[in-house]
Amino acid sequence: MTDEPIDPELDELFDLLADEERGEPSPGEHPDDATLSAYHARTLPDGEVSRVQDHLVVCPQCRDQLLEHARFMESPVEGPAEGVSSFEKAAEWRRLKERMEPAEARAPEPSPAVPMDDRRRMLRSLRVFKSLAAAFAALALGLFLRDVYVQKPARVLSERALSFGTTRSAPEPKKIQVRLPAALRIIPETEYPRYLVEIEPANGKRVQTLELPPAPDGWLIELVDPGTYEIRVLGLKDGRFELVGKPQGVLVVP
Amino acid sequence: MSKPDDPSLRLVELIQANVDREKNSERLFDMHWPRVVSYFRRQGFSQEESKDLTQDTFLRVFKGIDSFRRDSSFEWWLRGIAESTYKNEIRKRRAEKRDGIEQSIDAPVVNGEGSPSPADTLASPISDSLSEAVKRQQVAALRAALAELPEQMRRCCMMRYVNGLKYHEIAELMGISIETVKAHLFQGRKRLASMLGTPENVGKKGGEDAT
Numbered sequence: 202m203t204d205e206p207i208d209p210e211l212d213e214l215f216d217l218l219a220d221e222e223r224g225e226p227s228p229g230e231h232p233d234d235a236t237l238s239a240y241h242a243r244t245l246p247d248g249e250v251s252r253v254q255d256h257l258v259v260c261p262q263c264r265d266q267l268l269e270h271a272r273f274m275e276s277p278v279e280g281p282a283e284g285v286s287s288f289e290k291a292a293e294w295r296r297l298k299e300r301m302e303p304a305e306a307r308a309p310e311p312s313p314a315v316p317m318d319d320r321r322r323m324l325r326s327l328r329v330f331k332s333l334a335a336a337f338a339a340l341a342l343g344l345f346l347r348d349v350y351v352q353k354p355a356r357v358l359s360e361r362a363l364s365f366g367t368t369r370s371a372p373e374p375k376k377i378q379v380r381l382p383a384a385l386r387i388i389p390e391t392e393y394p395r396y397l398v399e400i401e402p403a404n405g406k407r408v409q410t411l412e413l414p415p416a417p418d419g420w421l422i423e424l425v426d427p428g429t430y431e432i433r434v435l436g437l438k439d440g441r442f443e444l445v446g447k448p449q450g451v452l453v454v455p
Numbered sequence: 051m052s053k054p055d056d057p058s059l060r061l062v063e064l065i066q067a068n069v070d071r072e073k074n075s076e077r078l079f080d081m082h083w084p085r086v087v088s089y090f091r092r093q094g095f096s097q098e099e100s101k102d103l104t105q106d107t108f109l110r111v112f113k114g115i116d117s118f119r120r121d122s123s124f125e126w127w128l129r130g131i132a133e134s135t136y137k138n139e140i141r142k143r144r145a146e147k148r149d150g151i152e153q154s155i156d157a158p159v160v161n162g163e164g165s166p167s168p169a170d171t172l173a174s175p176i177s178d179s180l181s182e183a184v185k186r187q188q189v190a191a192l193r194a195a196l197a198e199l200p201e202q203m204r205r206c207c208m209m210r211y212v213n214g215l216k217y218h219e220i221a222e223l224m225g226i227s228i229e230t231v232k233a234h235l236f237q238g239r240k241r242l243a244s245m246l247g248t249p250e251n252v253g254k255k256g257g258e259d260a261t
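Protein sequence lines correspond, in order, to chains Y and B.
Here the first sequence stands for residues 202 to 455, numbered as in the working numbering.
Here the second sequence stands for residues 51 to 261, numbered as in the working numbering.
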């Protein structure tokens, strides 16, 4: 039997007590975050638990903190939050990374202890070093590109083109099938300053993401493992990557 | 004081030690992003606004993660940052509103032509002070009776009847089941009634509110 007894007189007394309590100043020292967090996690020693509970009876702020934290912990962790896909979560991570990088990449202020002429000399030698490094990098990149765009496609037997449009209402694209060794030409139909191409294997393995500049003929991507993949293209707009067309399925057979 | 096998704290530890920092940061983000979006949705923001505020929250998280001392759970720290982001946003919106036309809702309501109500003028100062004294005595007796109750029972009664909390809130705060809360309240009221000499009936008191 857990129904509470009806007693209007007692209720009236409790109301008066509540009025008095409301008039009282807020309780002195609150438990610190570490204590409240441990209380919530049920890892606090018994003596401390009793002290926290006595405090909770008189402290609306700490009660609110704990109740809010309980609601926070009940919220989804792995599952999507109200219609949000894991894809959207990945896009949000990329957006966050972009927001974090400019701050990290900012060069430190030159030291005021170095005289101006010395600093100019240092900058000049730095520029020379940078030019040399850029020349080497260009040479290495040229050799690499030759390898990727000239040599690799030469031994590719089948090449399929995949176009990514902008209309989301277009009919569901059919899954295409390619045979190994295979290459896909990814062609975005809308221009963006930068693109991401995501290749997600259906077997739950890691999603591969390629960050690519615009290319008039699209990009040639070689697939080396058989299996089913979902290909997505994203374009950079207003500082965020948005989906270009619909994701497309590819079946790679040996 | 947090659980030693806490996966979030383990990731934080790796991030602070610069072990595969970006990958582990992404894992931490993946693990908690929906939770933070839900937090802002609960505060009444739209999905898009919630996502922006979640971005701001995680930006602060990753900027400050090296200074997080791991003496509370990561979730506690994260929620604290989300809460502070929420408060900043509210402050910002209020400041923007102040630039527009301000309509005060705190203006005093005047009765008729500004005179006090008849009820105010009829109250006698003598009867007032007498009844006040009686009330004070009764409340003191209730306080004394509450002090006689076992600790948990007293806390449940205070939270329910003085603070107006719901059964499930008391259960959450005290770390006990809702049934135990109800049992404490039932026993508590019975004992208080008997100590104070008030009549008691067993009924459905308090049953109308949702747990």
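Ideal placement from N, C-alpha and C gives every residue a C-beta, glycine not left out.
Contact list for residue i against chain B, beta-carbon separation under 9 Å
i, result
"residue 254 of chain Y", "201, 202, 205, 223, 224 and 225"
"residue 264 of chain Y", "209, 213, 215, 219 and 223"
Under 7 Å between C-beta atoms of residue i and residue j
i, j, result
"residue 391 of chain Y", "residue 445 of chain Y", "yes"
"residue 188 of chain B", "residue 136 of chain B", "no"
"residue 276 of chain Y", "residue 123 of chain B", "no"
"residue 71 of chain B", "residue 61 of chain B", "no"
"residue 192 of chain Y", "residue 376 of chain Y", "In the structure as shown, chain Y starts at 202 and stops at 455, and residue 192 of chain Y therefore has no counterpart that could be examined."
"residue 386 of chain Y", "residue 416 of chain Y", "no"
"residue 248 of chain B", "residue 210 of chain Y", "yes"
"residue 64 of chain B", "residue 74 of chain B", "yes"
"residue 204 of chain B", "residue 215 of chain B", "no"
"residue 295 of chain Y", "residue 442 of chain Y", "yes"
"residue 220 of chain B", "residue 212 of chain B", "no"
"residue 398 of chain Y", "residue 434 of chain Y", "yes"
Bridge partners - residue i, DSSP secondary structure assignment
i, result
"residue 241 of chain B", "None; residue 241 of chain B has no bridge partner."
"residue 435 of chain Y", "Y/397 and Y/444"
"residue 429 of chain Y", "Y/452"
"residue 379 of chain Y", "Y/453"
"residue 365 of chain Y", "Y/389"
"residue 402 of chain Y", "Y/430"
"residue 97 of chain B", "Per DSSP, none; premise fails for residue 97 of chain B."
Any non-hydrogen atom of the ligand GDP closer than 6 Å to residue i Cβ
i, result
"residue 188 of chain B", "The ligand GDP is absent from the structure shown, which contains no ligand whatsoever."
Per-residue contacts from residue i into chain Y (C-beta, under 7 Å)
i, result
"residue 211 of chain B", "215"
"residue 219 of chain B", "268"
"residue 248 of chain B", "208, 210 and 211"
"residue 101 of chain B", "293"
Helix, strand or coil at residue i [DSSP, three-state]
i, result
"residue 262 of chain Y", "helix"
"residue 283 of chain Y", "Unreliable positioning characterises residue 283 of chain Y in this predicted model, as indicated by a pLDDT of 49, which lies under 50. The coordinate reading is nonetheless provided below. Correct three-state label for residue 283 of chain Y: coil."
"residue 61 of chain B", "helix"
"residue 302 of chain Y", "helix"
"residue 68 of chain B", "coil"
"residue 160 of chain B", "Bear in mind that the predicted position of residue 160 of chain B carries a pLDDT of just 44, short of 50, making it unreliable; the figure below should be weighed with that in mind. If DSSP states are grouped into helix, strand and coil, residue 160 of chain B belongs with coil."
"residue 171 of chain B", "Caution applies to residue 171 of chain B, whose pLDDT of 46 falls short of 50 and renders its modelled position unreliable; the value that the coordinates give is listed next. Helix at residue 171 of chain B."
"residue 410 of chain Y", "strand"
"residue 288 of chain Y", "helix"
"residue 234 of chain B", "helix"
"residue 198 of chain B", "helix"
"residue 118 of chain B", "coil"
"residue 80 of chain B", "helix"
"residue 231 of chain Y", "coil"
"residue 138 of chain B", "helix"
"residue 251 of chain Y", "helix"
"residue 130 of chain B", "helix"
"residue 260 of chain B", "Any reading at residue 260 of chain B must be qualified, since the residue scores a pLDDT of 48, below 50, and its modelled position is unreliable; no value is offered."
"residue 106 of chain B", "helix"
"residue 244 of chain Y", "coil"
"residue 216 of chain B", "coil"
"residue 220 of chain Y", "helix"
"residue 56 of chain B", "coil"
"residue 226 of chain B", "coil"
"residue 276 of chain Y", "coil"
"residue 416 of chain Y", "coil"
Under 8 Å by beta carbon: chain Y residues contacting residue i
i, result
"residue 95 of chain B", "Those do not exist, as residue 95 of chain B stays about 12 Å from chain Y at its closest Cβ, beyond 8 Å."
"residue 185 of chain B", "217"
Amino acids of chain B, ordered along the chain, whose beta-carbon sits closer than 8 Å to that of residue i
i, result
"residue 221 of chain Y", "189"
"residue 406 of chain Y", "Within 8 Å Cβ-Cβ: nothing; residue 406 of chain Y doesn't reach chain B, min ~15 Å."
"residue 401 of chain Y", "Simply none; closest approach about 15 Å."
7 Å Cβ cut-off: residues of chain B touching residue i
i, result
"residue 437 of chain Y", "Correct list: empty, because the minimum Cβ distance to chain B is about 16 Å."
"residue 257 of chain Y", "223"
#### Entry: Interface positions of the segment 69-88 of chain B facing chain Y (Cβ-Cβ less than 9 Å), listed along the chain
72, 75, 76, 79, 80, 81, 82, 83, 84, 85, 86, 87 and 88
### Message
Beta carbons nearer than 9 Å to chain Y: which residues of the segment 115-132 of chain B have them?
### Response
119, 121, 122, 123, 125, 126, 127, 128, 129, 130 and 132
#### Entry: Short-range partners of chain B found in the segment 411-431 of chain Y, where Cβ spacing is below 7 Å
none
### Query
Residues in the segment 225-246 of chain B with C-beta within 8 Å of chain Y's C-beta atoms, listed in sequence order?
225, 229, 232, 233, 235, 236, 239, 240, 242, 243 and 246
#### Entry: the segment 54-66 of chain B: positions lying closer than 9 Å to chain Y by Cβ
56
### Task
Please name the residues in the segment 286-299 of chain Y whose beta-carbon is closer than 7 Å to at least one beta-carbon of chain B, in chain order.
290, 293, 294, 296 and 297
### Message
Using a Cβ-Cβ cutoff of 9 Å, what residues of the segment 232-243 of chain Y are near chain B? List them in chain order.
### Response
233, 234, 235, 236, 237, 238, 239, 240, 241, 242 and 243
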